[in-house]
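In terms of our numbering, the numbers along the sequence shown are unbroken and rise by one, the last being 393. For each residue, glycine too, the CB sits at the ideal point set by N, CA and C. Here the structure comes first, spelled out in structure tokens, and everything after it is commentary.
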Amino acid sequence: MIVTHLSLSDFRNYRSAEVDLVPGANLFVGSNGQGKTNLVESLGYLSTLGSHRVSADHAMIRQGADAAIVRARLEHGDRQLLAEVQINRTGANRAQVNRSVIKTRELPRYFSSVLFAPEDLSLIRGEPSGRRRFLDELLVLLSPRYSGVMTDYERVLKQRNSLLKSARASGIKANQLTTLEIWDERLIALGSELIEARTGLVARLLPDLSAAYESVAGDDHHATLSSYLTISDPDAAGSEAHDEDGLKHTRLGGDPVTAAEAAAGFRAALDRLRRKELDRGITLVGPHRDDLMLELNGLPARGYASHGESWSFALSLKLASAQLLRRESSTGDPVLMLDDVFAELDESRRARLAAAVHDFEQVLITAAVYEEVPGELTSNTVRIEAGTVLGQDGIGPGGIAGFGRAAEEGPPA
Ligand SMILES: Nc1ncnc2c1ncn2[C@@H]1O[C@H](COP(=O)(O)OP(=O)(O)O)[C@@H](O)[C@H]1O
Ligand SMILES: [Mg+2]
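The following block contains the structure:
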């Protein structure tokens, strides 16, 4: 799949922008703070309904405006599609496909993209919640119906937690216990479905991850991932052991778990933790507390990997998800977006990354310095300045004449 045209209005620092895009590589160059990331963020939002930078949508609406609109013309083979989302400062967001209103949450069905950005370093170094989000977003891109399961799980979890909390305050009453058992069953049913889906995804992602790490890092380092399930480690639940030291985690490995297996484990863990959950007033195990274990040569990446290794690992996770999507999707490749990645890599890794992405149907790249991007990715270069897209006229092989020099000599941020 490719984006042939992107229209923005009142998105971040763009009052209004029209951008033509071509198959293959599209490079956006400009000094810091001009709107390069905003551009790829807008497409990321159109495909995931989320931003890699903020959790609150209103930050994406241009200051002083009431609504932002992201509209993209998409093409897959000879099929064309116009997808649009309106982000509203007040009231619900709205989505359209081919000018007909659709449920906003249906939008990810139409457009799939994978965005890699500097913030992704937190996939390796940050909290488990970021890794869960990574898995869940990919899951929804692959099977949109899981978005409903996730929403339902969150809702049940919230209800169950508020029941636990009120029981903690006043001691549990018989009728509350009955209600709790009902929530338990809902939580187990939905949670097990998620566990099955996530562990299945991890197993499918593993070979792509190892291959991507090798192609980016180009050495014999071995990157792996596996699922950590809190239901299989109930005694550690709520203790510090979860987050402090990756080595203490009990590992589940890369094997997928069936929903029935997960349900049995979930039920046993809840039974075992009943007292503790009532004391704490919170649900201690389940997909909302699970993690993804990332290892490099048998050591947890978090806490052991160097900055460069962590960076390559994060990039490899994104490349692997792009590979998986292209293999399993019926609508062609996801649009791959690489935000500010080349500046972080040395010459040989830049070349390797260029080789790893060159056969994707479309790759969008942002860079502050034109010269840092390998030549084979610069044939369609667009200049971004203060929320304006410039230089689409002068595009041709080799980019815009004298362009890279200007970018390099431009004012520092
Ligand atoms: N909601 C908004 N309204 C207006 N300007 C915004 C908004 N959000 C971000 N910006 C501006 O966008 C610019 C950052 O754009 P960004 O795409 O991150 O830059 P870069 O080209 O370095 O990737 C900053 O100047 C910031 O002030
Ligand atoms: Mg940026």
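Just checking A39 against ligand 1 - is the residue's beta carbon closer than 7 Å to any of the ligand's heavy atoms?
For the purposes of this step, residue 39 is identified with residue 59 of the sequence shown, where counting begins at 1. True, at least one ligand heavy atom lies under 7 Å from that Cβ.
Under a Cβ-count criterion, where at least 16 other Cβ atoms within 10 Å of its own Cβ denotes burial, should P214 be classed as buried or exposed?
Counting from one through the sequence shown, the residue named residue 214 turns up at place 234. By the neighbour-count criterion, in which a residue is buried when 16 or more other Cβ atoms sit within 10 angstroms of its Cβ, P214 is buried.
Any heavy atom of ligand 2 closer than 7 Å to the Cβ of K145?
Along the sequence shown, read from residue 1 onward, the residue named residue 145 stands at position 165. Checking every heavy atom of ligand 2 against the Cβ of K145, none is found closer than 7 Å.
Determine the closest residue to L101 out of V120, L333, A294, E117, with distance taken between C-alpha atoms.
Counting from one through the sequence shown, the residue named residue 101 turns up at place 121. Comparing alpha carbon positions, the residue from V120, L333, A294, E117 closest to L101 is A294.
Helix, strand or coil for S93, going by three-state DSSP, please let me know.
Against the sequence shown, residue 93 aligns to sequence position 113. Three-state DSSP puts S93 in a strand.
Pair within 8 Å by beta-carbon distance, V20 and D319:
Your numbering for residue 20 matches position 40 in the sequence shown. Your numbering for residue 319 matches position 339 in the sequence shown. In contact: V20 and D319 (Cβ atoms closer than 8 Å).
L205 and L189 - do their beta-carbons sit closer together than 8 Å?
Taking the first residue of the sequence shown as 1, we reach residue 189 at position 209. Taking the first residue of the sequence shown as 1, we reach residue 205 at position 225. Yes, the pair counts as a contact, with Cβ atoms nearer than the cut-off.
Smallest Cα separation from L(-12): which of G4, A5, A47?
Within the sequence shown, the letter at position 8 stands for residue -12. For the options G4, A5, A47, the alpha carbon positioned closest to that of L(-12) is the one of A47.
Taking just the CA atoms, how far does P98 sit from R105?
Translated into positions along the sequence shown, residue 105 becomes position 125. Translated into positions along the sequence shown, residue 98 becomes position 118. Inter-residue distance for R105 and P98 is about 12 Å (C-alpha atoms, whole angstroms).
Taking only runs of the alpha helix (DSSP H) that begin and end inside the region 54 to 99, which ones reach a length of at least 4 residues, in chain order?
Whole alpha helix (DSSP H) segments, 4+ residues: zero.
Quick one: does the C-beta of N73 sit closer than 7 Å to a heavy atom of ligand 1?
Taking the sequence shown and counting its residues from 1, the one referred to as residue 73 is at position 93. No, the beta carbon of N73 sits no closer than 7 Å to any heavy atom of ligand 1.
Cβ shell of G261 (< 6 Å), same chain only, five flanking positions each side left out
One-based indexing of the sequence shown puts residue 261 at position 281. The answer, listed in chain order, is L144, K145, R148.
Runs of alpha helix (DSSP H) lying entirely within the region -12 to 28, each at least 4 residues, in chain order:
Those alpha helix (DSSP H) runs which fall completely within the region -12 to 28 and span 4+ residues are 16 to 28.
So, does the region 336 to 349 touch the region 8 to 24, judging by three or more C-beta pairs under 8 Å?
Flag = yes, the region 336 to 349 and the region 8 to 24 touch.
Less than 8 Å between the C-beta atoms of H56 and M130, yes or no?
Locating residue 56 in the sequence shown gives position 76, where the first residue counts as 1. Locating residue 130 in the sequence shown gives position 150, where the first residue counts as 1. Contact annotation: H56 and M130 have beta-carbon atoms that are not nearer than 8 Å.
So the alpha helix (DSSP H) A394 belongs to, where does it begin and stop?
Beyond the ends of the chain as shown, which are -19 and 393, falls residue 394; an answer cannot be given.
Report back the beta-carbon spacing between T(-16) and R53 to the nearest angstrom; my notes put them in contact at under 8 Å.
For the purposes of this step, residue -16 is taken as residue 4 along the sequence shown, with counting starting at 1. For the purposes of this step, residue 53 is taken as residue 73 along the sequence shown, with counting starting at 1. The beta-carbon separation of T(-16) and R53, rounded to 5 Å, stays under the 8 Å limit for a contact.
C-alpha gap between E194 and L137, whole angstroms
Working through the sequence shown from its first residue, we reach residue 194 at position 214. Working through the sequence shown from its first residue, we reach residue 137 at position 157. So the two alpha carbons sit approximately 39 Å from each other.
Anyone know if the C-beta pair for E352 and A323 falls short of 8 Å?
Residue mapping note: residue 352 aligns to position 372 of the sequence shown, counting from 1. Residue mapping note: residue 323 aligns to position 343 of the sequence shown, counting from 1. E352 places its beta carbon less than 8 Å from that of A323.
Taking buried to mean at least 16 other C-beta atoms within 10 Å of its own C-beta, is L227 buried or exposed?
As a first step, residue 227 must be located in the sequence shown, where it is residue number 247. With a pLDDT of only 38 at L227, under 50, the local geometry of the prediction cannot be trusted, and no value is derived from it.
Tell me the DSSP secondary structure of H370 in three-state form.
Translated into positions along the sequence shown, residue 370 becomes position 390. Checking the displayed sequence, the identity of residue 370 turns out to be Leu instead of His. The answer is strand: DSSP assigns L370 an E or B state.
Using the three-state DSSP reduction, which class does D46 fall into: helix, strand or coil?
Translated into positions along the sequence shown, residue 46 becomes position 66. D46 falls in the coil class under three-state DSSP.
Does the Cβ of T346 lie closer than 7 Å to at least one heavy atom of ligand 2?
Residue numbering aside, residue 346 sits at position 366 when the sequence shown is read from its first letter. Taking the Cβ of T346 as the reference point, at least one heavy atom of ligand 2 falls within a distance shorter than 7 Å.
Between G151, P236, F114, V196, which has its C-alpha nearest T173's C-alpha?
Counted from its first residue, the sequence shown places residue 173 at position 193. The sequence as given places Glu at residue 173; Thr does not occur at that position. In terms of CA proximity to E173, P236 leads the group G151, P236, F114, V196.
Within a Cβ cutoff of 7 Å, which residues of the same chain sit near W291, ignoring the five residues on either side of it in sequence?
If you number the sequence shown from 1, residue 291 lands on position 311. Residues L101, E324 of the same chain have their beta carbon placed closer than 7 Å to that of W291, with the five preceding and five following residues left out of the count.
Heavy atom of ligand 2 less than 7 Å from the Cβ of T17, yes or no?
For the purposes of this step, residue 17 is identified with residue 37 of the sequence shown, where counting begins at 1. For T17, the CB falls within less than 7 Å of some heavy atom of ligand 2.
Close-in-space but distant-in-sequence residues of the same chain around G367 (CB under 6 Å, 5 per side omitted)
Working through the sequence shown from its first residue, we reach residue 367 at position 387. For G367, where only same-chain residues beyond five positions count, the Cβ hits under 6 Å are N(-7), Y(-6), G15.
Note the first and the last residue of the continuous beta strand (DSSP E) segment covering V120.
Residue numbering aside, residue 120 sits at position 140 when the sequence shown is read from its first letter. Counting along the chain, no beta strand (DSSP E) covers V120; the unbroken alpha helix (DSSP H) around it starts and ends at 108 to 122.
Ligand 2 and D320: does the residue's C-beta get closer than 7 Å to at least one heavy atom of that ligand?
As a first step, residue 320 must be located in the sequence shown, where it is residue number 340. The nearest non-hydrogen atom of ligand 2 is less than 7 Å from the C-beta of D320.
When we look at the beta-carbon of E224 and count the other beta-carbons within 10 Å, is it buried (16 or more) or exposed?
Start at 1 with the first residue of the sequence shown, and residue 224 comes out as number 244. Residue placement at E224 is flagged as unreliable, the pLDDT there being 41, under the threshold of 50; the coordinate-derived value follows with that caveat. For E224, the number of other beta carbons within 10 angstroms of its own is below 16, and it is reported as exposed.
For A72, does the count of other Cβ atoms within 10 angstroms reach 16, so buried, or fall short, so exposed?
If you number the sequence shown from 1, residue 72 lands on position 92. When all chains shown are included, A72 counts as exposed.
In chain order, what residues of the same chain have a beta carbon less than 7 Å from the beta carbon of I41, not counting five sequence neighbours either side?
On the sequence shown, residue 41 is found 61 positions in, with the first residue counted as 1. D(-10), A47, A48, I67, R69, listed in sequence order.
Can you tell me the Cβ-Cβ gap for S127 and V120, rounded? I've got them flagged as a contact below 8 Å.
Counting from one through the sequence shown, the residue named residue 127 turns up at place 147. Counting from one through the sequence shown, the residue named residue 120 turns up at place 140. The Cβ separation is near 5 Å, so the contact holds.
Going by alpha carbons, who is nearest to R111 out of V315, R89, L297, S359?
Taking the first residue of the sequence shown as position 1, residue 111 is located at position 131. For the residues V315, R89, L297, S359, the minimum Cα distance to R111 belongs to L297.
Does the Cβ-Cβ distance between L62 and R51 come in under 8 Å?
Looking up residue 62 in the sequence shown gives position 82. Looking up residue 51 in the sequence shown gives position 71. For the 8 Å CB-CB criterion, L62 and R51 form a contact.
Does the distance from the C-beta atom of N277 to that of H338 stay below 8 Å?
If you number the sequence shown from 1, residue 277 lands on position 297. If you number the sequence shown from 1, residue 338 lands on position 358. For N277 and H338, no; Cβs fall outside 8 Å.
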